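Student:
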Amino acid sequence: MAQMTMIQAITDAMRSELKNDENVLVFGEDVGVNGGVFRATEGLQKEFGEERVFDTPLAESGIGGLAVGLTLTGFRPVMEIQFFGFLFEVIDSISGQLARQSFRTGGRFNAPVTIRSPFGGGVATPEMHADSFEGIVASQPGLTVVIPSTPYDAKGLLISAIRDENPVVFLEHMKLYRSFRQEVPEEAYTIPLGKADVKREGTDLSIITYGAMVHESLKAAEALEKEGHSVEVVDLRTVQPLDIETIIASVEKTNRAIVVQEAQKQAGIAANVVSEITERAILSLEAPVLRVTAPDTVYPFAQGENAWLPDAKDIIETAKKVLTF
Amino acid sequence: MAAKQAKQFDPVKTLHSIEEQFEMFQILNEEGEIVNKDADPNLSDDQLTELMTRMVYTRILDQRSISLNRQGRLGFYAPTAGQEASQLASHFALEKEDFILPGYRDVPQLIFHGLPLHMAFLWSRGHYLGSAFPEGLNVLFPQIIIGAQYIQAAGVALGFQKRGIKAVAMTYTGDGGTSQGDFYEGINFAGAYRSPAIFVIQNNQYAISTPREMQTAAKTLAQKGIAAGIPSILVDGMDALAVYAATRDARERAVNGEGPTLIETMCYRYGPHTMAGDDPTRYRTSDTDTEWEKRDPLIRFRKYLEGKGIWNEEKENEVIERAKEDIKEAIKKADAAPKQKVTDFMKIMYKGDMPSNLQEQFELYTEKESK
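Residue numbers (numbering that gives the first Met the number 0), protein chains in the order written: chain H, 0 to 324; chain E, 0 to 370.
Here it is as structure tokens:
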């Protein structure tokens, strides 16, 4: 076991899969010699060579198209989009092409592509870098969307994503890259896609969340505990498809739920979670399911982001409304 | 001094000197005479006959497809008449192991690469089995998003390169397609990696209704390859020999590790953009049509072959009859395709297990469809 940050765990997962399968290729802008702008691919080109870990010209749509073409010759691309804020430059390749490739070829050419990309706010990036666009890709049939919240989960989920036979969007929250270390096994291991993880058990309220908000929710849960409320925190880990079973089991136990996402209210995953709960467990509910989200403006410029991003305080406030309903 | 400097750094002159070099490459003129003997690819009589056969076959396929569409027996159809040399002579330079990423008008090349005709018809009708192409057939479905096939071709070419496979990725777009970002990204990526790709621009003069002049200030579309640093050529797209020679040359360079080539074929589509209501009389005059029809690829190639004594009316009629027969058979086969079920769509969305959301819906639809 080694202590790793999330970004180290991510590098480690790619290293493991580059070793494991010679069809795995890692590419994107500045991922070679430079090791990526966040150093997620640090040392990989040196270890595996320029044939397998390589830079691309600066064009996101081209990177997506390259991935499509490489799958047609039997490769398993792990493509990096330098910041997920650049999604719109590559949305046709992801949602128009990769997501539909199996369908459009009658199942002949599946697309085992992992689309890795840093996203999320709180690290004072230039504008158009920090958006939470998971809702956009999650709404596209054909894509699996994974968002880890810990180093351990990041490694196991990324290995699963790379081994998956279908396109997986793997979103790495920038604030979590180096925020803490955790014990991470050195050998390869997988965490199944589509499975949530109960990060904290409780009996009075379920907080269903993902990404950086897992940590804000845990903070909130701790504070609420001191006031006598036992709060469960469910980390979705995969936001498409949702792990309905775990969500419903938690809600049926606690009878109260809030859903927390960093994305705007109109933009994310939370609405799907609320719908699933109302469709499947409404009779278990003692209170309405409320959401904690960012407001429905565009993502603000760097100096304004902390006023805008949801945090533990917002979560506590909403949790209390539900707890005292 | 100022005037002298202006001359030394004259970007207008640079532009013109590049543009002047893009003369149209031709081997066979409108009369079916060889005008560029040095460039003659010296195809054998059998090869010449085969190429003519494919062009005649495709002209018949086009005529029949249009009438089948009007009868409601075909769906989406993009007419091909006028583009036979551009499509089939470029394809004629390929080998089976080469991979084609077509645009939606490029179904004839797929057929001669091995796509069963009834599948082309099913694709046109909108049946999912129409793009369930057989294993071993090195083609992608016709691309609908203009330009996307260009970046994907760069990917296939890079894949061949990495695997050490001596084959090329061949892709097609039209004059309008060269305005797309993906067009530039595709030629640029392949150029940067020196990958074995051939990019064909079939310049049929109109992107639906928008004339070629409206797309760009560039005098030729071929010259766009210069910016990507790749060899580029403007070819008479109504001249099968010139198209073939340019493509064969590009293929040779590609498999020798010398990188991609951009080929602009100057051609014309006689018919509408598609059969879905496009009316060319809104944007073209019949004078223009007539002028282009004089340059017809079949007429000049027929003259050339007849001059060599290797083609005649009887041969042509044989091909026409065979095409009609094949089409009849293929329509029958397409008619026999099973009715599409929603559960079929669900099964081909993912390789392996369906995600939980779809699995649940699959069970619902299985029950619904069993009623």
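A virtual CB, placed ideally from N, CA and C, is assigned to each residue, including glycine. Values in this document were obtained by computation on a predicted structure and should not be read as measured data.
Which word fits residue 192/H, buried or exposed, when buried means at least 16 other C-beta atoms lie within 10 angstroms of its C-beta?
Tutor: By the 10 Å Cβ count, residue 192/H comes out buried.
Student: How is the beta strand (DSSP E) around residue 98/E delimited, first residue to last?
Tutor: Its beta strand (DSSP E) spans residues 98-100.
Student: Give the interface partners of residue 116/H over in chain C, defined as CB-CB distance under 9 Å, in chain order.
Tutor: Looking for chain C here will not work: the only protein chains present are H and E.
Student: With a Cβ-Cβ cutoff of 8 Å, do residue 150/E and residue 185/E count as a contact?
Tutor: Closer than 8 Å, so yes.
Student: Are the C-beta of residue 328/H and some C-beta of chain E separated by less than 8 Å?
Tutor: Outside the displayed span of chain H (0 to 324) sits residue 328/H, for which this structure offers no information.
Student: Return yes when the Cβ of residue 160/E is within less than 8 Å of the Cβ of residue 195/E, no when it is not.
Tutor: Yes, they are a contact pair.
Student: Using a Cβ-Cβ distance under 8 Å, would residue 157/E count as near chain H?
Tutor: It does: the Cβ of residue 157/E has a partner Cβ on chain H nearer than 8 Å.
Student: Tell me, please, which residues DSSP counts as bridged to residue 231/E.
Tutor: According to DSSP, which records beta bridges pairwise, residue 231/E is partnered with 261/E.
Student: Residue 227/E: which of 181/E, 251/E, 315/E and 240/E sits nearest, CA to CA?
Tutor: Considering only alpha carbons, the answer is 181/E.
Student: May I ask you to list, following chain order, the residues of the region 52-63 of chain H that have a beta carbon less than 8 Å from some beta carbon of chain E?
Tutor: Listed by position along the chain: 55, 56, 58, 60, 61 and 63.
Student: Pull up the distance between the alpha-carbon of residue 38/H and that of residue 112/H, whole angstroms please.
Tutor: Distance between the alpha carbons of residue 38/H and residue 112/H: 21 Å.
Student: Classify residue 143/E as helix, strand or coil using the three-state DSSP reduction.
Tutor: Here residue 143/E sits in coil by DSSP.
Student: At the level of alpha carbons, what is the spacing between residue 0/E and residue 10/E?
Tutor: Unreliable positioning characterises residue 0/E in this predicted model, as indicated by a pLDDT of 49, which lies under 50. The coordinate reading is nonetheless provided below. Approximately 18 Å between the Cα atoms of the pair.
Student: Would you decide whether residue 15/E is buried or exposed? Buried here means 16 or more other CB atoms lie within 10 Å of its CB.
Tutor: Under this definition residue 15/E is an exposed residue.
Student: Give a yes or no on whether the minimum CB-CB distance between residue 369/E and chain H is below 8 Å.
Tutor: No, no contact with chain H.
Student: Are the CB atoms of residue 239/H and residue 144/H within a distance shorter than 8 Å?
Tutor: Result yes, Cβ atoms of residue 144/H and residue 239/H sit closer than 8 Å.
Student: Spell out whether any CB of chain E is found under 8 Å from the CB atom of residue 66/H.
Tutor: So, interface residue.
Student: Can you give me the Cβ contacts of residue 136/H inside the same chain, cut-off strictly under 6 Å, excluding the 5 residues immediately before and after it?
Tutor: Closer than 6 Å at Cβ, skipping near neighbours: 142, 144 and 168.
Student: Determine the direct distance from the alpha carbon of residue 116/E to that of residue 326/E, and round the result to whole angstroms.
Tutor: Approximately 7 Å between the Cα atoms of the pair.
Student: Can you grab the Cα-Cα spacing for the pair residue 323/E / residue 63/E, in whole Å?
Tutor: If I take the Cα positions, the gap works out to 8 Å.
Student: Got a sec, what are the start and stop residues for the beta strand (DSSP E) residue 139/H sits in?
Tutor: Residue 139/H -> no beta strand (DSSP E), and no H or E assigned at all.
Student: So residue 96/H contacts chain E; which residues on that side make the cut at Cβ distance below 8 Å?
Tutor: Here the neighbours are 144, 147 and 151.
Student: Tell me the rounded alpha-carbon separation between residue 85/H and residue 222/E.
Tutor: Their Cα atoms are separated by approximately 30 Å.
Student: Tell me the rounded alpha-carbon separation between residue 286/H and residue 214/H.
Tutor: Roughly 24 Å between the two C-alpha positions.
Student: I'd like to know if residue 193/H contacts chain E, where contact means its C-beta is closer than 8 Å to some C-beta of that chain.
Tutor: For residue 193/H, the answer is yes, since a Cβ of chain E falls inside 8 Å of its Cβ.
Student: Answer yes if the region 224-236 of chain H comes into contact with the region 275-294 of chain H, meaning at least three C-beta pairs across the two stretches below 8 Å, and no otherwise.
Tutor: Contact fails: fewer than three Cβ-Cβ distances are below 8 Å.
Student: Relative to chain E, which residues along the region 71-87 of chain H have a C-beta separation below 9 Å, given in chain order?
Tutor: From the region 71-87 of chain H, only 71, 72, 73, 74 and 76 have a Cβ closer than 9 Å to chain E.
Student: Hey, how far is the Cα of residue 16/H from the Cα of residue 154/E?
Tutor: About 21 Å.
Student: In the structure shown, what three-state DSSP assignment does residue 24/E receive?
Tutor: Here residue 24/E sits in strand by DSSP.
Student: Residues bridged to residue 316/H by DSSP?
Tutor: Paired residues: none, contrary to the question.
Student: So with Cβ pairs under 8 Å, would you call residue 336/E a contact of chain H?
Tutor: For residue 336/E, the answer is no, since every Cβ of chain H falls outside 8 Å of its Cβ.
Student: Report the three-state DSSP secondary structure of residue 237/H (helix, strand or coil).
Tutor: Reduced to three states, the DSSP call for residue 237/H is strand.
Student: On the DSSP bridge list, what partners appear for residue 198/E?
Tutor: DSSP lists 170/E and 261/E as partners of residue 198/E.
Student: Count the other CB atoms within 10 Å of the CB of residue 51/E; is the residue buried (16 or more) or exposed (fewer)?
Tutor: Buried.
Student: Let's see if you can read the secondary structure: which residues bound the beta strand (DSSP E) around residue 349/H?
Tutor: The structure shown does not extend to residue 349/H, since chain H spans only 0 to 324, so no value can be given for it.
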